[in-house]
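What follows is a short report on a single structure.
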Amino acid sequence: MLAPCTANGYYNDNGLFWKLSCSAIERQNLLWGKEQGETMEKLSLHNIHYSTIDSIILLNKGNVCVSGARDRSLVYSVLPNKGCENPVSKTTNNAHDGWIWDLTALDDNIYSCSWDRTIKSWKLSDTGLIPLNIYEMKVTAPLLCVTSSLHLGLFACGSYCKTVLVYDPRSRSQVATYQPHQRAIVRLAMNSNYILTASEDKTLSIWDHRSRKTVKTIKISNENFPMSISMQKSTVYAGDNGGKLHVLDLTKDLELVKSYETGHTKAITGVYQTPGCLITTSLDKSVRISSPTNPPKLLTSLNSTYGEIASMDYLNEVLAISGTDGIQIWRPKSRV
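Under my numbering, the first residue of the sequence shown carries the number 938, and numbering increases by one thereafter.
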């Protein structure tokens, strides 16, 4: 087994890194390398929405799933434990006046992003979601994505009209607004240093919190545009609408290091990197779980019961995907 390599393709020689990385990969091989029935429990949340579920988020160590859909509702689902056979779901109808397109979380608060051009915040409670605040964004088109940074206490949203808005929910004030792209912004990621945006103009853009300006914009392809992104430490993964995966190095000014064929036949709608695996989801109705190595090696592939995969999340070894009318969840059997 090879240790995970850095974004530039060279293997890290640090002994502790080697041990931790190998341990993480061995753990994922144990979970996904066998028949999933032996190691993983599969759950379904169905009949909780009546339209495509475009946004899901896992919380509370993977024991809670919140979903938003085109039926304009939010659903708070508590996954079962030993003493409960079925998930318990609580619905907030008419949570927005438009399709709910994305979700993020800061502490115990959920932020929902909608085509009605608002961000709404919700408090998690035992009785469901409690409405808190409404942030009306000064944009002329739908909001398509939202992300947040727990370290900074900020959230940011991207719009069809090419604008990014950054907010501080503690003061309910706008921190910044900028336009880094020529077409719609379809995905955001944020850490304590940067905001990364993906656009239909086929580019990725990096905005620096300290300088308050865009420091780099890079075109990932002449044919396809990025639909999903994952930013962890120094590495960025971007999945495009042609099924390719692109790796970029933040330490080298967002340099495009490599592009891979993934085996997906349609657009990559979700990408998530962990120390032990790389997860991609697609409109081809499949999930591919691979090693985080150069090149990635397939551990297993999963199929969606609910058609094209619109959204995914991963937390504490729990994987959730959503499609039309339903959500599928895989989690280690040792959890229950």
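Ideal Cβ positions, reconstructed from N, Cα and C, are used throughout, including at glycine. Nothing here was measured: the structure is a model prediction, and the numbers come from that model.
Between L1102 and M1127, the gap from beta carbon to beta carbon reaches 9 Å or more. The residue among V1123, S1148, N1130 with its C-alpha nearest the C-alpha of S1136 is V1123.
Closest option to G1065, judged by alpha-carbon separation, among V1208, K1234, S1010, E1245: S1010.
Taking the C-beta atoms as reference points, S1004 is found nearer than 9 Å to S1259. Counting only runs of at least 3 residues, the region 990-1044 fully encloses the following beta strand (DSSP E) elements, listed from N- to C-terminal order: 992-996, 1001-1005, 1011-1015, 1025-1029, 1037-1043. Exclusion of the five residues before and after K1057 leaves S1049, I1071 as the residues of its chain whose Cβ lies within less than 6 Å of its Cβ. A straight-line Cα-Cα distance of about 21 Å links W1267 and T1041. DSSP links L1239 through a beta bridge to V1224. Residues D1008 of the same chain have their beta carbon placed closer than 6 Å to that of Y987, with the five preceding and five following residues left out of the count. Cβ neighbours of R1225 within its own chain (closer than 7 Å, five residues either side excluded): T1199, G1200, H1201, T1217, L1235, S1238. By the neighbour-count definition (other C-beta atoms within 10 Å, threshold 16), D1250 is a buried residue. Short of 8 Å from the beta carbon of K979, and not among the five residues preceding or following it, lie these beta carbons of its own chain, in chain order: Q973, Q1265, I1266, W1267. For C1082, the enclosing beta strand (DSSP E) starts and ends at 1080-1086. Secondary structure of L1089 (DSSP, three-state): coil. Between K1203 and N1178, the alpha-carbon positions lie close to 7 Å from each other.
When the five nearest sequence neighbours on each side are left out, the beta carbons in the same chain lying within less than 6 Å of the beta carbon of L1191 are those of I1143, K1153, I1155, L1185, in order along the chain.
Taking 9 Å as the cut-off, the beta carbon of L1182 is found closer than this to the beta carbon of S1196.
As the crow flies, the alpha-carbon of I1246 is around 16 Å from that of P1163. For R1149, the CB contacts under 7 Å within the same chain, skipping 5 residues up- and downstream, are A1113 in chain order. The closest CA to that of L1080, considering only P1068, N1018, H1033, is found on H1033. Straight-line measurement puts the Cα of K1270 at about 20 Å from the Cα of T1242.
Here DSSP, grouped into helix, strand and coil, assigns A1121 to coil. The secondary-structure analysis by DSSP pairs V1255 across a beta bridge with L1252. Taking every protein chain shown into account, the CB of E975 has fewer than 16 other CB atoms within 10 angstroms, so this residue is exposed. For C1098, the secondary structure class from DSSP, reduced to helix, strand or coil, is coil.
Contact annotation: W1059 and T1029 have beta-carbon atoms nearer than 9 Å.
DSSP lists E978 as the beta-bridge partner residues of R1268.
Collapsing the DSSP output to three states places E963 in a helix. In this structure, the straight-line span from the alpha carbon of L1016 to that of V1001 is close to 6 Å.
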